[in-house]
Amino acid sequence: MQKKLMHVGPSFTSYRIQMAGVSENTGFASPDFLDAMKYSLEGLLYVAGADDSYMPFILPGSGTVAMETVTSLIPRGSKTLLLTNGVFGDRWIPILTAHGLQMDVLSADPGHAVSMADIEEKLEGGDYQNLIMTHVETSTGVRMDIEGVSKIARKHVERIIVDGVASLGAEREDIARLGITAIISASQKALGAPPGAALIVASRSALEDINEFSYFFNLKNWITPMERYLEGKNGYLSTEPVGVILSLNRVFSDIRTTGLEARIDDHRRLSLALNEGIEAAGLKVLAERDLWSNTVTAVLSDHADEIVRRSMDLGIEFATGVHPKLLGKYFRIGHMGYVNDFDALSALSVIERAAAQSGEKVRIGEGVRRAQQVLYDLS
Ligand code: PMP
1 MQKKLMHVGP SFTSYRIQMA GVSENTGFAS PDFLDAMKYS LEGLLYVAGA
51 DDSYMPFILP GSGTVAMETV TSLIPRGSKT LLLTNGVFGD RWIPILTAHG
101 LQMDVLSADP GHAVSMADIE EKLEGGDYQN LIMTHVETST GVRMDIEGVS
151 KIARKHVERI IVDGVASLGA EREDIARLGI TAIISASQKA LGAPPGAALI
201 VASRSALEDI NEFSYFFNLK NWITPMERYL EGKNGYLSTE PVGVILSLNR
251 VFSDIRTTGL EARIDDHRRL SLALNEGIEA AGLKVLAERD LWSNTVTAVL
301 SDHADEIVRR SMDLGIEFAT GVHPKLLGKY FRIGHMGYVN DFDALSALSV
351 IERAAAQSGE KVRIGEGVRR AQQVLYDLS
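Here it is in structure tokens:
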């Protein structure tokens, strides 16, 4: 049986996107690659909602590479307020610590988000120059109110950095309007390309003050290469993942054709259908309803790991839970990339069966029925 991947990354891509990356001997200075790189850099600005005052970067790597590289925007001696709603928010702690950067941390329990009142109080009571938040926390499926946090943060800090690894391309980022300094992502998540590229969009004015703690993870060293790629010229600093960028190029072309808003709306519909379907089947969603993200649904169950195992046998691969406070107590459905209505319905049908086989009390068929209704009503 052909397996369907509804993991949280690498996410669901399409054969077309994968095949776009398979090319005959494309080098890092080949015209095909240079066209794809320029188009992808411009596409990156588009999905981030950036304007001319921002600079796009595509580096060999992953989300963590983007996290570590964007950290070079944080000056030594400055202080960061880190908001974390789970495992990936927490990942900034060792990264900032490794670079000797000072921070205070506000964390939320799994399924919740740090509250606006706590953020405001902390910012008013402390002397912070930077704020870091994760738009969609992949370990719990919680979406942070990026607009609300940015509005408060703009009054107090000079730099707002957003982890958009699980959101860019499926959630509204609007970084220019919100005054966000930089956003990061990776090719294999919400955008739905294969893994291999780290993505960053940063304000050009913030690039004037780089903390040069590293060679590779130093945005300053990547400015000239990216300027050259934007002009359609070879900008080699380190070999780019050529095939991934050819795929990414096709993703951005799809997004331009569909329109970003329409693509985000599709993910929102799918998310609502899956979340309401899970509840109608008698299972519980980890995230509070007003925090449901467009890309990740975390489902509570004492049989979570067994459900993931049985689902794999039924043809769909989901992700187990990774939050240390809830290990084995939940699993995650990824609805990133190229997932469509019928994948969502299949996912619910597989989960209902796998959950029932695992001894979970579920209402067989009710989740699928509810999702079908949501998808029909919103289409
Ligand atoms: N941030 C978030 C929100 C993520 O979901 C992930 C990956 N799951 C990362 C950062 C790290 O990305 P990578 O695994 O590509 O290094």
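Residue numbers (the UniProt record's numbering): 1 to 379.
Idealized CB from N, CA, C, for every residue including glycine.
Because the structure is a prediction, the values reported are computed rather than measured.
Residues of its chain near residue i, where Cβ-Cβ distance is below 7 Å and the 5 sequence neighbours each way are ignored
i: R310; result: A354, Q357, S358
i: I119; result: L83, L106, V149, I152
i: L326; result: P110
i: P56; result: L41, L44, L45, V201, M226
i: I183; result: A48, V162, G164, L168, E173, I175, V201
i: G192; result: S11, F12, T13, I17, V251, M336, G337, Y338
Residue i CB to nearest heavy atom of the ligand PMP below 7 Å
i: M67; result: yes
i: A186; result: yes
i: G77; result: no
i: A170; result: no
i: R91; result: yes
i: F318; result: no
i: I145; result: The sequence given here places Asp at residue 145; Ile does not occur at that position. No, the ligand PMP has no heavy atom inside 7 Å of this Cβ.
i: F88; result: yes
i: T64; result: yes
i: A347; result: no
i: G9; result: yes
i: A182; result: no
i: A98; result: no
i: A166; result: yes
i: D163; result: yes
i: T134; result: yes
i: T84; result: no
i: T295; result: no
i: T138; result: yes
Which of helix, strand or coil DSSP assigns to residue i
i: G196; result: strand
i: M103; result: strand
i: P56; result: strand
i: N221; result: helix
i: A319; result: strand
i: L237; result: coil
i: L345; result: helix
i: L378; result: coil
i: E212; result: coil
i: L260; result: helix
i: L272; result: helix
i: A29; result: coil
i: I245; result: helix
i: residue 385; result: Lying before the first or after the last residue shown, residue 385 is absent from the chain, which here runs from 1 to 379.
i: K361; result: coil
i: Y338; result: coil
i: F88; result: helix
i: I95; result: helix
i: E24; result: coil
i: L191; result: coil
i: R204; result: coil
i: G111; result: coil
i: T13; result: coil
i: I74; result: coil
i: A355; result: helix
Bridge partner(s) assigned by DSSP for residue i
i: S185; result: L199
i: T138; result: Note: T138 sits in no beta bridge, so no partner.
i: A298; result: R332
i: N130; result: T80, R159
i: V285; result: V299
i: W292; result: V142
i: G61; result: G196
i: K4; result: I316
i: E227; result: The partner list for E227 (beta bridge, DSSP) is empty, contrary to what the question assumes.
i: L168; result: E171
6 Å Cβ shell around residue i - same chain, five flanking residues per side excluded
i: E352; result: A281, V362, I364, G367
i: A113; result: N85, V142, M144, L291
i: Q102; result: K79
i: V8; result: T138, V296, A319, R332, G334
i: N294; result: A170, E171, H267, R268, S271
i: N249; result: A36, Y39, S40
i: D341; result: L375
Own chain residues within Cβ distance below 8 Å of residue i, not counting five before or after
i: E212; result: S72, N218, K220
i: T26; result: D32, F33, V242, G243, L246
i: F28; result: N234, Y236, T239, E240, V242
i: A304; result: T320, G321, G328, K329, Y330, F331
i: G179; result: S150, R154, I160
Closer than 8 Å to chain E by CB, residue i
i: A186; result: As a matter of chain content, chain E is missing from the structure shown, which is built from one protein chain.
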